[in-house]
Structures are given as structure tokens and as C-alpha cells.
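**Q** Handing you this structure, nothing more for now.
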Amino acid sequence: MRRPSPSGSSGAPPTPVTTADASTASAVLPSGTALEVWGDPIDHSLSPRLHRAAYARLGLDWTYGRRRVAAADLRTVLDGLPPAFRGLSLTFPLKAEAFAAATRRDRTATLTGAVNTLVLTERDRVGFNTDVGGIVADVRAQGVDGVERARIVGAGATATSALVALAQLGAQTVEVVARRPEAAAALLELGARLSVRVTTAPTDAEAPASVDLTVSTLPGGTTLADETCRRLAAGGGLLYDVVYGHWPTDLARAWEDAGAPAVDGRGMLLHQAVLQIRAFLTGDPEVPLADEVAVVDVMARALVGD
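Just so we're aligned: 185 in UniProt numbering is position 185 of the sequence shown, and the numbers increase by one with no gaps anywhere.
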């Protein structure tokens, strides 16, 4: 076995770190060359396609696979990894479990309570959340440089990353639409920490306010009533839907009917993967890759199957 479980250490809680500190925490970078994406289910993941294209372009003889891991099994599987492993990408439903398993975390992971990237050093499991940066980068790529009023549809784990991203984009007010508005309690608390006014509304609210940007964090395959979708599309600004495997979603169809722009989550997937690769290579997702423009280009082409 490679690294002792945090539960087998001194019992001290994981050390929160800023992104800059995280690179220091990983100053002794791992020597392994194996990486994987874990989730349940996992067969649909496009991450191997993205990462393999990037490592080939960078001239790195690294491997990147996928593994189905249930949330209840994450600690056991993680503790049993051999020294060949350099890091992991984590997707649904493992981000909270990965957060708990990390021995150090960057500020974004700490804010969201979610880790989608683990860099495995000899001393630490350094956790990052690159979903936030992925959303911010891709929203800006759509021509949206700033947001004042926004809406999040859904109140699950991804909604926390969406809220932090909206705060970074300048949002002052964010409405959270959920079937059970009480499920958004954690988002209300997070909004206060971010100095963002967060309100809640049920999905059947009669007259949603106009916003600059709507971020849907609903899982793929979620169904919404036609009338709900129609109301949200009216004055909903750009629809940014994190789904990429079940397209178009009910909301995307409503936006199309309203003649409004809607984009899926492939761009987010691309940009968060770039940040992951930075972390795997340097220990810091803020340190650009060598020839990053060319790397992103081959990743984008791999994403669409070119």
C-alpha cells in the first residue's frame, strides 16, 4: 500500500490551504505516472479522452483510465493504491467523500465542500475543486465577462461550485430554484460568506425575475414541467447547463423555443480538465502549462471526436 489513511495519522483535521499554498503542500511532487477518473457510473466519462490527448501533446508517458467506485468504497480503494498513482479525477457521487479524504485542500474546495481533483504525494492527498474555475472560464468564453443577477436551478452538490463561480463572475444576487427550497440552506450560508445575496424559490414560482445568466446544475435526465421551463426561459439570460451527456435537456429545449442562447457542459469539462492537468503536473492549478494554447486545442478536438 502506498499512503497511510488520514484516519491512521495523528487525528488532526485536514489543513485548509489556499491555491498558492497547495503548490507548497505538493512541493515534493509525486513520481507516479498513473491517473484515473473515478465515479459511479463512469463509463460515460469523457475525461480519459481529454487527458490522454493532453499528455500526448505534452510528451508525457502517463496513463489515464477510468474506474467505477461507489461512494462507500472510496476510502478503501484510495488506501490501496500503489505508488504508481499520481492523482485522481473525481466525479459524481464522490466529491464529498474525496473532500473528506483529502489531507490538504485549496480554498475553493474548502468553500464548496467538494473535491474533484486529488494530487497524491508521499505525505499528502491534496484536494482541489477545479469545477469552479471550469465554469468561470467557459462562461467567459461564451462572451459573458460579468454577471450581476443570476439563477441556479438545483440545490445539489454542483450548485455550491456554481455559486462560487457566480461570485467570481461578479454576481450580487443569485436565486436558487429547487423543488424543495429548504434544500438550499447550505447555499444561503455560503452566499453570506461570499457576500452574495442568495434567495430561494420553488420550481413552480409564477413569475421568476429576469437574470443575466441561468446555471442549471440538475443531473442529466432530470425532467421538468414544460410550464416551469417556459417561465424560467423568459428573461433567463444565457442558459449554462452543466449536463453534456443528455442533450438537449428540458431547459435547453425551452431556451431554444424562446430564441435564447443555451450551452452544455462540455466547455466546463474541458476547462476544469486543464486546471486538473496543471495540478497533476505542477501541484498548482494556477500555473499555466507549457504551450497551453496548443494543449487546449488538442483537448477541444478530442472532446468532439476529431
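Even glycine gets a Cβ: it sits at the ideal position worked out from N, Cα and C. Nothing here was measured: the structure is a model prediction, and the numbers come from that model.
Alpha carbon to alpha carbon, what distance is there between L81 and L74?
**A** Near 11 Å, if we compare the C-alpha coordinates of L81 and L74.
**Q** Taking the continuous alpha helix (DSSP H) assigned at T228, which residues delimit it?
**A** It spans D226 to A233 - the alpha helix (DSSP H) in which T228 sits, taken as one unbroken run.
**Q** Would DSSP call F280 helix, strand or coil?
**A** Three-state DSSP puts F280 in a helix.
**Q** Which of the three DSSP states is assigned to D204 in this structure?
**A** D204: coil per DSSP, three-state reduction.
**Q** Take the Cβ of E175 as the centre, count every other Cβ of all protein chains shown within 10 Å, and call the residue buried at 16 or more, exposed below.
**A** So E175 counts as buried.
**Q** Please work out which residues of its chain come closer than 7 Å, Cβ to Cβ, to V136, disregarding the five sequence neighbours upstream and downstream, and give them in chain order.
**A** Hits under 7 Å: A165, Q168 and L169.
**Q** Is the Cβ-Cβ distance between V211 and G236 less than 8 Å?
**A** Yes, Cβ-Cβ distance for V211 and G236 is below 8 Å.
**Q** Please report the Cβ distance between L94 and G39, rounded to the nearest whole angstrom; I am assuming they are in contact, meaning their Cβ atoms lie under 8 Å.
**A** Going by Cβ atoms, the distance from L94 to G39 rounds to 6 Å, so yes, they are a contact pair.
**Q** Hey, could you find the ends of the beta strand (DSSP E) T214 is sitting in?
**A** That run of the beta strand (DSSP E) goes L213 to S216.
**Q** Taking the alpha-carbon of F99 as reference, which of V115, A84 and P248 has the nearest alpha-carbon?
**A** Here the closest residue by C-alpha is V115.
**Q** Counting Cβ pairs closer than 8 Å, one from the region 242-261 and one from the region 175-194, do we hit at least three?
**A** Because the criterion of three Cβ pairs below 8 Å is not met, the region 242-261 and the region 175-194 do not touch.
**Q** Taking 8 Å as the threshold (C-beta atoms), are E189 and Q172 in contact?
**A** No, the Cβ-Cβ distance between Q172 and E189 is not below 8 Å.
**Q** For the pair the region 116-126 and the region 276-287, tell me if three or more CB-CB distances fall below 8 Å.
**A** The region 116-126 vs the region 276-287: in contact.
**Q** How many angstroms separate the CA atom of D61 from the CA atom of E227?
**A** Going from the Cα of D61 to the Cα of E227 covers about 52 Å.
**Q** To the nearest angstrom, report how far apart T24 and H271 are at their CA atoms.
**A** Confidence at T24 is low in this model, with a pLDDT of 38, below 50, so its placement is unreliable and the value that follows should be read with caution. The straight-line gap from Cα to Cα measures roughly 23 Å.
**Q** Please name the residue or residues paired with S89 in a DSSP beta bridge.
**A** Paired residues: V37 and T117.
**Q** If you pair each beta-carbon of the region 154-164 with each one of the region 287-299, do three or more pairs fall below 8 Å?
**A** Cβ pair count under 8 Å is below three, so no.
**Q** Would you call the region 256-265 and the region 188-203 in contact, with 3 or more CB pairs under 8 Å?
**A** Verdict: no, contact absent.
**Q** With burial defined as no fewer than 16 other Cβ atoms inside 10 Å of the residue's Cβ, what is the status of E206: buried or exposed?
**A** Exposed: under 16 other Cβ atoms inside 10 Å.
**Q** CA-CA distance, G87 and V126?
**A** C-alpha separation (whole angstroms): 9 Å.
**Q** Compute every distance between the C-beta of Q168 and the non-hydrogen atoms of the ligand HEM, then say whether any falls below 7 Å.
**A** Ligands are entirely absent from the displayed structure, and the ligand HEM is therefore not among its contents.
**Q** May I have the straight-line CA-CA distance separating D79 from L213, to the nearest angstrom?
**A** Distance between the alpha carbons of D79 and L213: 41 Å.
**Q** Taking 8 Å as the cut-off, decide whether the C-beta atoms of T130 and L275 are in contact.
**A** In contact: T130 and L275 (Cβ atoms closer than 8 Å).
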